[in-house]
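All letters in the sequence shown, in the order written, are residues 14 to 127 by the working numbering.
The C-beta atom is built at its ideal place from N, Cα and C for all residues, glycine as well.
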Amino acid sequence: MTDCLFCKMVAGEITPDTVYENDDVLAFRDINPQASTHVLVVPRQHVATLNDLDAANADLIGKMMLAAAAVAKQEGIAEQGYRTVMNCNAHGGQTVFHIHLHLLGGRAMGWPPG
Ligand code: 5GP
Ligand code: ZN
Numbered sequence: 014m015t016d017c018l019f020c021k022m023v024a025g026e027i028t029p030d031t032v033y034e035n036d037d038v039l040a041f042r043d044i045n046p047q048a049s050t051h052v053l054v055v056p057r058q059h060v061a062t063l064n065d066l067d068a069a070n071a072d073l074i075g076k077m078m079l080a081a082a083a084v085a086k087q088e089g090i091a092e093q094g095y096r097t098v099m100n101c102n103a104h105g106g107q108t109v110f111h112i113h114l115h116l117l118g119g120r121a122m123g124w125p126p127g
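Listed below in structure tokens is the structure:
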């Protein structure tokens, strides 16, 4: 995907503030953080939205979750807790159409979400 912001980060054309990476995912700090820890976990493979995930690439979600838990430990927020969120399309609030998991922590999160 030549016109995708997160694909450009995965390809190294744009350099984010990376905190974790492995063969499957890249994790970097959100440019507009909503908590003291706000990291985006992005699969290297382009999948536009959760609606585009299928059985062939569903394992990506587990890998993203494992990466988020690893980053939470690394950031020192694992014990106090954190939130993981994946927004989908307009009502979910998705603005970048390459799936990503938000990892938010460092403060207590409200519920229900806005
Ligand atoms: P969404 O709204 O799609 O769930 O989340 C997209 C996230 O990407 C937003 O939290 C937004 O702040 C973040 N974002 C947008 N552009 C950039 C960028 O250029 N760099 C980084 N690090 N984050 C970005
Ligand atoms: Zn992409």
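Compute the distance between the beta-carbons of residue i and residue j, then report whether it is under 8 Å.
i	j	result
Tyr33	Val84	yes
Tyr95	Gly118	yes
Val55	His115	no
Asn130	Ala80	Outside the displayed range of the chain (14 to 127) lies residue 130, so it cannot be described from this structure.
His59	Cys17	yes
Using only the alpha-carbon positions, how far apart do residue i and residue j sit?
i	j	result
Thr31	Gly75	20 Å
His51	Arg42	6 Å
Val38	Gly123	28 Å
Pro29	His111	15 Å
From what residue to what residue does the alpha helix (DSSP H) around residue i run?
i	result
Gly105	Asn102 to Gly105
Grab the span of the beta strand (DSSP E) containing residue i for me, first residue to last.
i	result
Val84	Unbroken run through Val84 is the alpha helix (DSSP H), Asp72 to Glu88; no beta strand (DSSP E).
Leu66	That residue, Leu66, is in no beta strand (DSSP E); it is neither H nor E in DSSP.
Using 8 Å as the limit for Cβ to Cβ distance, is residue i near chain D?
i	result
Gly123	The question asks about chain D, but that chain is absent: this structure has only one protein chain.
Would you grab the beta carbon distance between residue i and residue j for me? Rounded to a whole angstrom, and I think it's under 8 Å.
i	j	result
Gln107	Thr62	6 Å
Can you give, in chain order, each stretch of the beta strand (DSSP E) that sits fully within the region 36-64 and has at least 3 residues? Listed in chain order, they are 38-42 and 50-56.
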